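In the numbering used here, the protein residues as written are 48 to 624.
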């Protein structure tokens, strides 16, 4: 019996061993294959997973380049980087949501109910309640020790002068992208490049080994052509003039005619780039657009300030000289059935070309245009940079309107001689006068003087010649003619004793959207330069729809004189004995 039982057990165990052997023959290859996959094929992937448990990747921020104006004593900061704070809330960790909403509402000057609605949940993440919070406010919130409330530092763009030069600068939005102005145009250079760091941490989160590092590159600094003192004076003057003469808005540009450097570019109303979000909301509510630079983005029909530009072409063609007697003109001329009148609807008698400018005689200018011809007039406007963008290094420049030559009729040529039916930006207008002051050479205006790399290397922006608008001889004749205009026509309002200044007014009608012109609205301009024998500045003053004065010589003219007087003293230009 025992032997039989033993034999039966032996058979049973042998059978089990065979099964185990069979299973092992299946498992071992599978196990080997898995080891091969993990150890060989999946080595890189699993190594990365293992590394990720104690390795970290960190972004290294770059510092945005700063923007400076110039003064006699050095540089003046217009856009810098400042430490501000963000206020974050983790609703899941907030114990008393009503109390948190009440405190944050008080400190952030926000609606309490809106804050409560945002945090009244158990989420781990909601967008920050506030950005760009001042340090004093952030410190108060931090001092409350509110569970679930985080005060996080951030570097933000700060404009220490507020509204000053805001149309030039633009702003940096919440995504750290430049918008408008220099901030928009030079955004990539100002931003620089962020870096990255791959490093090993210990169990306390401390770096113990840096595996790979890509260094951040800070943005370039920009030194503008803008003179801080001239910019400040221009902004104060245009604000005062808009109020004094009842204008809707106003602008001033100051250019160096020999280099194309813009020394000042002021427009009112303006905005504070530190509060761009609130300013944009306000504009939307009021139907305004204070962020767009009116000196480069808005066009207007410039009126009589076009006349010297047209006369320059006639001189260039040898059609007449400054003292040529053009004839005796009446107060009105008819062109293709349209009546064209002198500004005050009175005749001036026998006139030379210079006197046509002194009297700002529309009828005399129609005669001037007839001597030049359509094709030459069109070519002349184009050579002075009208009908196309100049290429200024700032965002938002527009072209103005120059009617294609094939569409010109006699009436178009006639009205363009005194600045109707053609439009330009204030920048294009002042740059055309800059060419006259610069002996006919048209330069590309620019707003950035130097680019300073993070290593301190400076790149000087050199002047760029667009072309010769008119000959040197013709430009110098127009200079003297415009000097005569100031001394014989606007002496009381624009002349400065001891200095030779040149300039011209423009009182332009305002076009209606559907055609024709507004009856009681106009745009007043004055463009001038000095000293005539060695021009150091060109000034454009423009007032939109002033109500207190009828003609530009009584509004824009005096503002030009105040600007010129300041510049002559500031630039230490001695009067003639």
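We put the CB at the ideal spot given by N, CA and C, even for glycine.
Source: prediction; values computed, not measured.
Between residue 578 and residue 288, what straight-line distance do the alpha-carbon atoms span, to the nearest angstrom?
So the alpha carbons of these two residues sit roughly 24 Å apart.
In whole angstroms, what is the alpha-carbon distance linking residue 175 and residue 141?
If I take the Cα positions, the gap works out to 15 Å.
Tell me whether the region 206 to 219 and the region 131 to 150 touch, counting them as touching only if at least three CB pairs, one residue from each stretch, are closer than 8 Å.
At 8 Å Cβ cutoff, the stretches do not touch.
Is it true that the CB of residue 529 sits closer than 7 Å to the CB of residue 562?
Cβ atoms of residue 562 and residue 529: not closer than 7 Å.
Under 7 Å between the Cβ atoms of residue 157 and residue 203?
No, the Cβ-Cβ distance between residue 157 and residue 203 is not below 7 Å.
In its own chain, which residues sit with a C-beta less than 7 Å from the C-beta of residue 456, not counting the 5 before and 5 after it?
Excluding positions up to five away in sequence, the list reads 383.
When the Cα of residue 597 is compared with those of 589, 567, 392 and 269, which residue comes out closest?
Here the closest residue by C-alpha is 567.
Starting from residue 481, trace the alpha helix (DSSP H) both ways and give me its first and last residue.
Looking at the DSSP string, the run of the alpha helix (DSSP H) that includes residue 481 is 473 to 484.
Which residue wins for smallest C-alpha separation from residue 427, given the options 398, 343 and 516?
Here the closest residue by C-alpha is 516.
Inspect the beta-carbon positions of residue 357 and residue 477 and report whether they are closer than 7 Å.
The answer is no: Cβ separation not under 7 Å.
In terms of residue numbering, what span does the alpha helix (DSSP H) encompassing residue 135 cover?
No alpha helix (DSSP H) contains residue 135, which is instead part of the beta strand (DSSP E) from 121 to 136.
Please find out if some non-hydrogen atom of the ligand FMN comes closer than 6 Å to the beta-carbon of residue 481.
Ligands in the displayed structure: none, and consequently the ligand FMN is not present.
Bridge partners of residue 612, per DSSP?
Residue 612 pairs with nothing; no bridge assigned.
Let's test the definition: count the other Cβ atoms within 10 Å of the Cβ of residue 168 and tell me whether it reaches 16, buried, or not, exposed.
By the 10 Å Cβ count, residue 168 comes out exposed.
For residue 462, which residues in the same chain have their Cβ closer than 6 Å to its Cβ, ignoring the five residues on either side in sequence?
Excluding residues within five positions, the ones whose Cβ falls inside 6 Å are 468.
Specify the secondary structure class of residue 395 as computed by DSSP and reduced to three states.
Of the three classes helix, strand and coil, the one that applies to residue 395 here is coil, per DSSP.
Applying the 10 Å Cβ sphere with the 16-neighbour rule, what's the burial state of residue 373?
Label assigned to residue 373: buried.
Give a yes or no on contact between the region 226 to 234 and the region 176 to 183, applying the rule of three or more CB pairs nearer than 8 Å.
Segments in contact, no.
Starting from the Cα of residue 486, find the closest Cα among 304, 418, 409 and 587 and give me that residue.
Taking only the C-alpha atoms, the option nearest residue 486 is 304.
Looking at the strands, I want to know which residues DSSP matches up with residue 218.
Paired residues: 226.
Do residue 508 and residue 441 have their C-beta atoms closer together than 7 Å?
No.
I need the DSSP call for residue 300, collapsed to helix, strand or coil.
Looking at residue 300 - three-state DSSP - the assignment turns out to be strand.
Contact criterion: CB-CB distance below 7 Å. Does residue 576 meet it with respect to chain D?
Structure shown: chain D not included; a single protein chain is present.
Return the chain-ordered list of same chain residues with a C-beta closer than 6 Å to the C-beta of residue 205, the five sequence neighbours on each side being excluded.
127 and 129.
Starting from the N-terminal side, write out each stretch of the alpha helix (DSSP H) that is 4 residues or longer and does not extend beyond the region 123 to 205.
The region 123 to 205 contains these whole alpha helix (DSSP H) runs: 144 to 155, 159 to 166 and 182 to 190.
Bridge partners for residue 268 per DSSP, in chain order?
Answer is 499.
Across which residues does DSSP place residue 118 in a beta bridge pair?
Residue 118 is bridged to 121.
By the three-class DSSP mapping on this structure, what secondary structure does residue 311 have?
DSSP places residue 311 in strand when its eight states are reduced to three.
Which first and last residues belong to the beta strand (DSSP E) in which residue 577 is found?
Counting along the chain, the beta strand (DSSP E) containing residue 577 begins and ends at 564 to 577.
Around the Cβ of residue 120, are there at least 16 other Cβ atoms within 10 angstroms (buried) or fewer (exposed)?
It is exposed - the Cβ of residue 120 has fewer than 16 other Cβ atoms within 10 Å.
Looking only at DSSP bridge pairs, what is residue 591 linked to?
Paired residue(s): 296 and 570.
Assign residue 254 to one of three DSSP states: helix, strand, or coil.
Any reading at residue 254 must be qualified, since the residue scores a pLDDT of 49, below 50, and its modelled position is unreliable; the value itself is stated next. The answer is strand: DSSP assigns residue 254 an E or B state.
Are the CB atoms of residue 363 and residue 531 within a distance shorter than 7 Å?
Not a contact, by the Cβ cut-off of 7 Å.
Closest to residue 606 by C-alpha separation, out of 218, 292, 108 and 136, would be which residue?
When each option's Cα is compared against that of residue 606, the closest is 292.
Are residue 227 and residue 338 close, meaning C-beta to C-beta below 7 Å?
Taking 7 Å as the Cβ cut-off, residue 227 and residue 338 qualify as a contacting pair.
Mapping the DSSP letters down to three states, classify residue 457 as helix, strand or coil.
Note: residue 457 maps to helix in three-state DSSP.
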